[in-house]
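The letter at position 58 of the sequence shown is residue 157 when you use the numbering used here, and the numbering goes up by one with no holes.
Accompanying notes for the structure given below.
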Amino acid sequence: MSLPNESLARKLFKGVLVLELLGITGAYLLFNKMNTNQDFRHTMSKRFPLILEVYYKSNEWAGLYGIREHDQEEWLNRKN
Numbered sequence: 100m101s102l103p104n105e106s107l108a109r110k111l112f113k114g115v116l117v118l119e120l121l122g123i124t125g126a127y128l129l130f131n132k133m134n135t136n137q138d139f140r141h142t143m144s145k146r147f148p149l150i151l152e153v154y155y156k157s158n159e160w161a162g163l164y165g166i167r168e169h170d171q172e173e174w175l176n177r178k179n
């Protein structure tokens, strides 16, 4: 015989697991969009600069340098 608290605990666990999976999926999709679209990174620099900074830092930690500089150079050239 199951205790009622066990089913509640299972439902809560499943809910937390689903939320975590949605969060991971969303983070991956955001990273992928920023990684493949420089215009999107420009939009992110205006609206959410902290998120863009995390993107640049994560790439630098992974050993990929020069993305920030390339973006800034490209954006300056567009203004002129």
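Note that beta-carbon positions come from the ideal geometry of N, C-alpha and C, so glycine has one too.
Coil, strand or helix - residue i by DSSP
i	result
Ala-161	coil
Asn-136	coil
Phe-147	coil
Asn-104	helix
Asn-179	coil
CA-to-CA distance, residue j to residue i, given in whole angstroms
i	j	result
Leu-118	Trp-174	36 Å
Arg-155	Leu-120	In the sequence on display, residue 155 carries Tyr and not Arg. Rounded to whole angstroms, Tyr-155 to Leu-120 spans 24 Å at the Cα level.
Gly-125	Gly-165	25 Å
Asn-179	Glu-172	11 Å
Tyr-127	Glu-159	17 Å
Ser-106	Lys-113	10 Å
Classification of residue i by the beta-carbon crowding that lies within 10 angstroms, buried from 16 upward
i	result
Leu-111	exposed
CB contact flag (residue i, residue j, <7 Å)
i	j	result
Met-143	Leu-151	yes
Asp-170	Arg-140	yes
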